[in-house]
Each structure stands twice: as structure tokens, then as C-alpha cells.
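Written below as C-alpha cells is the structure these notes are about.
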Amino acid sequence: MTVDIRIVRAGQMYRYYLRQTVVGDGRRPARTPLREAQEEAGVPAGRWRGRGLAVLGLTAGQEVTEQQLRNLFGERGRHPYADRIEADRLAKGESPKKVWKAGALGRRVTVTGVDFVFRSQPTIYLLWALGVRRPGG
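Residues in the sequence shown are numbered from 228 upward in steps of one, following the numbering used here.
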């Protein structure tokens, strides 16, 4: 058995989820809306879950939108509704620096995850493909 280890850095998490989880293990065609790509891949839409949802203004079971996913994982931990929060505060005349901080969640980190992929040795795949059986088996 071999293990591939990949460090997922801040800013890469959004692309990682889109490629590895959100639409299955495939890639979605360019310009295809996320929900349509999920339906074609047979992958259900993501739903918000957890105890802290109310603090973020989210509801359990609510569908995760592509913009919320981009905010949360693509921009180093932005609030799922960061766009709305920032637009409201800019309209009230707040400085861009304060507006940016208002849409941030927690502190910035450089590594957001580690991906472990466990694989059998290539010879195992070859034996399976060739249909080699053990004597008496």
C-alpha cells in the first residue's frame, strides 16, 4: 500500500473541492453552472450542517451555493455572505479596510488541509486485471 500526501494551501481549497468532491472525482465542463454539473455527475448538492450556522446567518439543510463555497474556501476563510456584508458596509461609507475585515472569518492560515490518498501497489491492479487466481482458490 502506498500513500500520496498532498498539502492543500489557503486559496487552493476551493479548486480542490470543485475537482475532488463537489462534482465527484471528475471536472465540470467550462461555463457549466455548479448545480447542473452536480446533477450530471449524480452528486447531490451540498447542504449546510453544524451547530454554528445561526451565527453565520445560515440555516441547516440550506443548499450551499457556488459563491458561498468560493467565499469560504477560495478566499482564505471569508464569510459565506461576504459579498453582501461588504456591499452593505461600503454603502454605509465604511473604509475598504474595515469592510474587508467585516467579511473575514477568524485568522488567516497558510495550510487549510491535508489530502491522503491510499493506493494498492500497481502489481495488485495488474493481477486483478489479468484475472490471475491463486492455485486452489
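Every residue, glycine too, gets a C-beta built ideally from N, C-alpha and C.
The alpha carbon of GLY251 has as its nearest neighbour, out of GLY320, ALA272, TRP327 and LYS324, the alpha carbon of ALA272. By the CB criterion at 9 Å, GLY340 and ILE312 fall outside the cutoff. For LEU296, the closest alpha carbon among the candidates THR229, ILE232 and TYR243 is that of TYR243.
For ARG346, no alpha helix (DSSP H) encloses it; the enclosing beta strand (DSSP E) starts and ends at 338-346. In this structure, the CA atom of ASP315 is about 30 Å from the CA atom of VAL249. Boundaries of the alpha helix (DSSP H) harbouring VAL282: 280-283, taken from the DSSP string. THR350 has its alpha-carbon roughly 12 Å from the corresponding atom of THR229. Beyond the five residues adjoining it in sequence on each side, GLY333 comes within less than 7 Å, by CB distance, of GLY304 in the same chain, given in chain order. Note on PRO307: 16 or more other CB atoms within 10 angstroms of its CB, so buried under the neighbour-count rule. When secondary structure is reduced to three states using DSSP, VAL270 falls in the coil class, being assigned neither helix nor strand.
Straight-line spacing of the CA atoms in GLY269 and LEU285 works out to 25 Å. By the 16-neighbour rule on beta-carbons within 10 angstroms, GLY301 is buried.
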